[in-house]
Structures are given as structure tokens and as C-alpha cells.
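Protein chains in written order, with the working numbering: chain A, 2 to 405; chain B, 2 to 405. Just so it is clear, CB atoms sit at the ideal spot from N, CA and C, and this is done for glycine as well. These figures come from a predicted structure and were not determined experimentally. Some notes on the structure that comes next.
Have a look at this one:
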């Protein structure tokens, strides 16, 4: 698979987060000759917050993680992730696989099973050969290294074409506080949430309730504002672990809040940039809606419209399809107060193409790799921004042939 | 454009409907060297019922038609349709174009302007050169012919690869009653409604309220149960005209009701069979839902899922993606009561792949051109059936390059 044309130039240099060590191993679950399991070992006292898919058919791993948030944080914790098999819709076998992995980690690292969080990503409906994972826990344990986050980002990839990472170091009253996160995409990406696994680590001190509140709030404006194909995974998991190793309490600290938001937004954008077959990164910014919910409806209807997405793939400034998407969204809209912009170019207003608009200007704008579609409904103050990519032959190619 | 592999072998022989005459002309609106305007002239007393897109940005034509349903049926009526330009999002110009066309028809045929119904289909947001239509009303009037419905079906095509028609003749107490309809697709097809224009004619006697009730009820189970790409057009129009020329009152007649349903379902299926790039015709039948609305949610989530549709294109029996679609639909669902079938093949039950299922059987089934995905939620008696097609390279090709 060729690397997405929207990929960053390189994996970023991520700060080391105190209290976290990583290891990866090639367990041969589906992929050959590449690491497909990662383990993150977390210091005693680590607080863990999480956000998960709302799918009614979510995986055994997700159901298990959900029960473990807020458990006693005294001892160490661990996160184990495999790629190649999602362990979703695997009936009682799926529950057994999760339990076997948690027990194996507990036996080897001494972590309480209620503090072991697992994720699985890949094909749905095939039994997870979890013994290939449990057989490797010893190797993983021996390989734990605080510098290994790059390898972890690679081990969780499925159809991703590049590993995704983002981090920040803050200076809080003279003490560094670090945040580093990794993510995987790249199909079944839609809000609430996506085929997405995201793990973010910080050495800040913060209690679980405050951590969860930060995570949930930021998720609504980052990961829940991206869409690749409108499909929602059974496995989406976003975990945020705060080890406290910096000794700095960040409760209510605006700089920390902002830094965490930036890391989450960066990772969310990277997931879109690796959308299956993507050649364009598209921001859909809606303003002037009757309310924020309507703005989000319009933004999502536009970002998920196959006709809008194929027009973008074809570099066709087909703003009529944007009008169509606004119309079908279910949001309150009025033809005669609607304004559409491509970047800074005024395309349509007052129910008609703008006098100043030329097809040449529109066509030229569409050649850029990063695009902004601006939609002002002219009705109120509701606003929403979502990010998506185009719909190309590459998407069909990847998904019409995924399992073979 | 190659004809869809799912097309019927030929255009059906449609019955002549008393009181209706058709004419077509090449007006050069967008297409060259092909008829792109059709006129249907309807006898005095014709009752007209209609169903239209719910888009908030619907076209001037749709808005105009909606005001005209239920107007005094004493005089003759007319339907004028052009392809190549949708006259949607054309501001005041759009209203002016509709008015100009209605006036020209009225001047030539003597039809009251409130009895002239117009539709336009094609590109959104470009001014309709309506003078090319009004200049041809004389030619159209001179060419009116009761046998011309085939040509009418062709004149309303845009990206359609075959003309769509369906008809029935009933014998009611020894007198024939005819129904004949034509439709066009084939992108922006989704319920409420689709990029669809449909015109159905009958010489039955029935009052407007009863006709509208029949049409609306059948639409919910036919045209509103198909989806190609989840996009909803700004121009969808379905008109049903009853001329009364047979002299047979069909009010409350079950045979007529059924025949009308069959014609509508046949046309709806033909629209799916001409879905842009379609190579498979797919029925999604949901049963066992908590209620009918939930069943419809599941059916539509499955039928609109890009991942399900690309798997079908690839002839991949990827039932895990069906599980995903069920999960994301928002309907009440339970992994352990869910049953999935491909045709008669039991694929999954009790939260797990069925013991009897083999990948070979699934893969073999997916090679067929007409497929049925059966989903039983095991929760109640709610049911819904929708029809869709696969998502292929052909769809991308057509839509990434539509305007050039």
C-alpha cells in the first residue's frame, strides 16, 4: 500500500512520558513479518479515562474496558492492543479471549486484571487466536522500554499507510509535563467514534473524574468531528492515561487543557489524512445555523456525501452538490440566505452563484491538497467544523478486496 | 456510457393510457443530438397526485408543483420535463424559468398555467436556458402522440444507462383500465426521495384525495425504500395522473391498488438497477426488530454503508461489515440474538458465525447478480425491506467527472 499523499513528512519526535513503557512483538495474528501486538505498561497510580464506540454490536474488548474505567488506581495498569483481528461478533469466544489476555498480563507483570485494558482491531467475526498473544506476553514484558512509542504506533496499524503520533511538552512552574499519543485509522471512520484506536499518555497528576471530563469534552470537538466513510466501528477506543510521574497537578490548568486538545486534534487530523484512498484533506466549516446541532448536521451531511466527496476527488468545484447536501441534512436552511465559499472564494450567495465567482477560480482552488468548504446558513449563530477526505478509486480498491 | 449489467433485456411494451399524449424534442439544453424535453398532454378532468423531495433546497419546479396539486381539475393539464439542468439553486431566475415554461404551454395548448407541472433534472446551480424550451413548445404540441411514451422515457434520462418503464392493464368488470409509468435515476438516489423523476398515468376514474392517498402509501414502500448513494436530490418528483378516460371508477378497488403498487415497485427497482456504477442488485430484508422504524434504520444503515457496498462489489461475503452496520444504525440490537443470512445461507447466529456456514458457500453466493441480505434482530416483529446496489469504481468514475 502506497503511503497516503496527505501523510506528514515523518513520524514526530515524541516526548517521553514518565511512568510509561512500551513493547511490541510480531505474534502472527494475521499479518506476517511485522509487529502486531503492543503493550503499554503504566506506573502504579495511573488514572485512566476512556471514550468508546456507541455501536450496539461493539466488541468484547470494548465492553470489558468500559467496566474497568474508574477501578482502584493503586496498582500498575497495562494496555494491550492487537491488529489483524477485531474480536468483534465472536460471541462467548470473544469474552474468553479478552479474559485470557488480561490473565496472562496479570500473571507476568503482576497487574491486577481489572487494570488491564485491551483493544483488538481488524476483521470482524473471526475468532481471535489469543494464544498467539498470551504466548508472547513474556517477550513483551522483557522488551518494555520508555522510548518505544514509535514501534507501538506501528504495531496497531491495519490498513493505515503511516503511523500516527502527536505530543507536547509543557513547562508548568518550571517542571516539564509531557503528553504523547498514538492513533490508528483509517476506514470505518465516523463520529461516535471511528475505526479508531487512540492511546494518549501524560505524566501529569489529575484525578480520574477530571481526566474523563477533559477527554470527553475534547473528543466531541476532535475525534467526533471527523469522518471518512460514515461507517462506525465496533471497536473504537480512546484511552487517556495519566501516570502522575511529573508530580505536577494539572487540574484546571488551561495550558494543559489546550495542549491535550491540540494533541487530540492533531491525531484526529492524521486519521483523516490516512483515510482509505484519500487524496484531499477537507475542512467543512458551517456557520450561521439556527443552532449548533443543525450546524453539525449540515457539516456531516456534506462531509459524508458521496457526491460531494467524489467531486472533490475529481477536483470539480461542483458547489451544486454542496447545496444538495445542505438540503438533505434535515437542518433548517433557506436557499436565499445560504452562502458557500471554497477557501476564501465566495461561490454562492442569496440563492444563486456569486457575481464575482468564476469557474476557473473554483477549479484552480480544487487542485490544492487541503481544502476548506465554508457554508453559512444565514439563520443564526450555530457553528460546527468537521474534517473529512475525498472518495476515490483507492477507497473502492481497498474495501472491495480487504479480506483476500 | 455502457448499459448497466442489471438492465432489463428491453424496454417493456407499455399499454396506451386513454387521455394521455406524449411528445419529445431536442432543445439542446445540455445534451446534443438527443431529445431532452418531454411534454405529456392530459385530458380535461385529469386528477393529479404528487410526492416530492423533502430537501430544504428543493428546486423552483418542485416548489411550483407543490402549490398546484389539488387545483381545479376541469380543464386539461400538462407535464413538461427537461433533462440536463435541474433549475435548482438558481434563485429568482429559477422561479422565472418555471413561470416562462408554464406560460408558453398555456399559450400554445390552452392549458391553465395552474395545471402545468414542470420538472428539471441535471446539474444544480446553473441558469436554465428556458427559452430553448419555450421555443419548442409549438413543435412539441404538433408532435403529441398517445404512443410516444418510450421516447418520453428516453428524453428525461441524465446519467441513466437505460430508459425505465412499467405498466399493467387490468380488466375491471369487462372494461380495460391501464397504468403506464416512466422513471429516471440514477445518482443521488436515497429515500425522501431520490434524484428521481417518475410519471405514472392511468385512465382510471378516481378523485384527487384518494389518488394522493394511494400514491403516498405506495411511495413509502417502494421509492422511499431504495437507495443508491444516500444522497437526496433537490428535484425529486413523482406525479400520478388519472385521466378517467376508461370510465371505470377504481376507488377502493384492491386490484387497481395492487397493480399500481407493482408498477411503482418495478420502476423503483429499475432505478436501483441503473444505480451509477452498479453491478449488483441487493435486497436488504430486516425482520425481528423492536419496531418497524428500527427495522428501517437497520436496513438503511446496511444499504448505505460504503463498507458493505464495496464488499458486495468485491463479491466478498464480509458479514462482519453487516454486523458493523447493524451496530451503527442506532436501532435496538443485541449481538446474541442477531441472525444474518445471505440468500438462504445461514451465516451468523447467537453472536457468532453459524456452525454450518462455510466461506466457500458465502463466496459462491456473492457471485450472483441479485443478492438478498437477511437480518433478523431477534427482538420483536418490526420489519422493513430496502433495495440498493453495490459501490464500485464505476460510481467514482461517473461522479468524479460528471460536469466535464
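Along the beta strand (DSSP E) that carries residue i, what are the first and last residues, could you check?
| i | result |
| --- | --- |
| residue 390 of chain B | 383-390 |
| residue 182 of chain A | 176-185 |
| residue 22 of chain A | 21-26 |
| residue 349 of chain B | 346-350 |
| residue 168 of chain A | 165-173 |
Under 8 Å by Cβ, that's how I've got residue i and residue j pegged, so tell me the actual separation to the nearest angstrom.
| i | j | result |
| --- | --- | --- |
| residue 239 of chain A | residue 123 of chain A | With 8 Å as the limit, residue 239 of chain A and residue 123 of chain A do not qualify as a contact, their Cβ atoms being about 18 Å apart. |
| residue 83 of chain B | residue 28 of chain B | 7 Å |
| residue 327 of chain A | residue 89 of chain B | Wrong, their Cβ atoms sit about 12 Å apart, outside the cutoff. |
| residue 157 of chain B | residue 212 of chain B | Actually they do not touch by this definition, with Cβ atoms about 22 Å apart. |
| residue 397 of chain A | residue 264 of chain A | Between residue 264 of chain A and residue 397 of chain A the Cβ distance is about 33 Å, and since that is not below 8 Å, they are no contact. |
| residue 207 of chain A | residue 250 of chain A | 7 Å |
| residue 160 of chain A | residue 399 of chain A | 6 Å |
| residue 283 of chain B | residue 347 of chain B | Wrong, their Cβ atoms sit about 18 Å apart, outside the cutoff. |
| residue 30 of chain B | residue 133 of chain B | 6 Å |
Compute the Euclidean distance between the alpha carbons of residue i and residue j, then round it to the nearest angstrom.
| i | j | result |
| --- | --- | --- |
| residue 74 of chain A | residue 237 of chain A | 23 Å |
| residue 61 of chain B | residue 80 of chain B | 15 Å |
| residue 367 of chain B | residue 154 of chain A | 36 Å |
| residue 15 of chain A | residue 126 of chain B | 48 Å |
| residue 286 of chain B | residue 297 of chain B | 9 Å |
| residue 386 of chain B | residue 332 of chain B | 15 Å |
| residue 146 of chain B | residue 22 of chain B | 5 Å |
| residue 392 of chain B | residue 33 of chain B | 29 Å |
| residue 308 of chain A | residue 105 of chain A | 49 Å |
| residue 35 of chain A | residue 280 of chain A | 26 Å |
| residue 37 of chain B | residue 137 of chain B | 11 Å |
| residue 401 of chain B | residue 314 of chain B | 18 Å |
| residue 97 of chain B | residue 303 of chain A | 29 Å |
| residue 395 of chain A | residue 390 of chain B | 19 Å |
| residue 109 of chain A | residue 140 of chain A | 10 Å |
| residue 253 of chain A | residue 171 of chain A | 15 Å |
| residue 377 of chain A | residue 312 of chain A | 20 Å |
| residue 99 of chain B | residue 262 of chain B | 31 Å |
| residue 3 of chain A | residue 235 of chain A | 26 Å |
| residue 353 of chain A | residue 337 of chain A | 8 Å |
| residue 91 of chain A | residue 357 of chain B | 16 Å |
| residue 189 of chain A | residue 120 of chain A | Unreliable placement is indicated for residue 189 of chain A, whose pLDDT of 49 sits below 50; no coordinate value is reported for it. |
| residue 405 of chain B | residue 362 of chain A | Confidence at residue 405 of chain B is low in this model, with a pLDDT of 38, below 50, so its placement is unreliable and no value can be given for it. |
| residue 49 of chain A | residue 129 of chain B | 60 Å |
Given the structure, does residue i come close to the ligand HEM, in the sense that its CB is under 7 Å from one of the ligand's heavy atoms?
| i | result |
| --- | --- |
| residue 82 of chain B | This structure lacks the ligand HEM, and indeed carries no ligand of any kind. |
How far does the alpha helix (DSSP H) with residue i in it extend, from its first residue to its last?
| i | result |
| --- | --- |
| residue 139 of chain B | 138-143 |
| residue 153 of chain B | 150-156 |
| residue 363 of chain B | 360-366 |
| residue 221 of chain B | 209-222 |
| residue 242 of chain A | Note, residue 242 of chain A: premise wrong, no alpha helix (DSSP H); beta strand (DSSP E) at 238-243. |
| residue 266 of chain B | 255-274 |
| residue 83 of chain A | Where residue 83 of chain A is concerned, there is no enclosing alpha helix (DSSP H), although the beta strand (DSSP E) it sits in stretches over 78-86. |
Name the residue from the options whose alpha carbon lies nearest to the alpha carbon of residue i.
| i | options | result |
| --- | --- | --- |
| residue 243 of chain B | B:18, B:13, B:255 | B:18 |
| residue 359 of chain A | A:312, A:275, A:67, A:317 | A:317 |
| residue 228 of chain B | B:366, B:335, B:388 | B:388 |
| residue 414 of chain A | A:70, A:186, A:28, A:136 | Because chain A in this structure spans residues 2 to 405, residue 414 of chain A falls outside the shown range and cannot be described. |
| residue 209 of chain A | A:241, A:199, A:218, A:184 | A:241 |
| residue 164 of chain B | B:324, B:5, B:173, B:204 | B:5 |
| residue 323 of chain B | B:335, B:315, B:306 | B:306 |
| residue 13 of chain B | B:99, B:292, B:168 | B:168 |
| residue 289 of chain A | A:277, A:339, A:250, A:263 | A:339 |
| residue 270 of chain B | B:311, B:299, B:108, B:225 | B:225 |
| residue 257 of chain B | B:365, B:283, B:204, B:135 | B:204 |
| residue 112 of chain A | A:119, A:120, A:103 | A:103 |
| residue 382 of chain A | A:278, A:292, A:252 | A:292 |
| residue 71 of chain A | A:161, A:345, A:42, A:214 | A:214 |
| residue 114 of chain B | B:69, B:31, B:120 | B:69 |
| residue 135 of chain B | B:25, B:384, B:363 | B:25 |
| residue 152 of chain B | B:166, B:9, B:371 | B:166 |
| residue 277 of chain A | A:321, A:162, A:64 | A:162 |
| residue 53 of chain B | B:40, B:47, B:67, B:46 | B:67 |
Q) For the region 315-329 of chain B, which residues have a beta carbon sitting closer than 8 Å to at least one beta carbon of chain A? A) Listed by position, the residues of the region 315-329 of chain B near chain A (Cβ gap below 8 Å) are 315, 317, 319, 320, 321, 322, 324, 325, 326, 327, 328, 329.
Q) Taking a cut of 7 Å between CB atoms, which residues from the region 56-86 of chain A lie near chain B? A) Under the 7 Å Cβ criterion, the region 56-86 of chain A contributes 56, 57, 58, 59.
Q: Would you list, in chain order, the members of the region 85-110 of chain A that have their beta-carbon closer than 9 Å to a beta-carbon of chain B?
A: Closer than 9 Å at the C-beta level to chain B, one finds these residues of the region 85-110 of chain A: 87, 89, 90, 91, 92, 93, 94, 95.
Q: Identify each residue in the region 122-142 of chain A for which the Cβ-Cβ distance to at least one residue of chain B is less than 7 Å, and report them in chain order.
A: Within the region 122-142 of chain A, the residues whose Cβ lies closer than 7 Å to some Cβ of chain B are 124, 125, 126, listed in chain order.
Q. Using a Cβ cut-off of 8 Å, which residues of the region 142-159 of chain A contact any Cβ in chain B, in chain order?
A. Listed by position along the chain: nothing, the set is empty.
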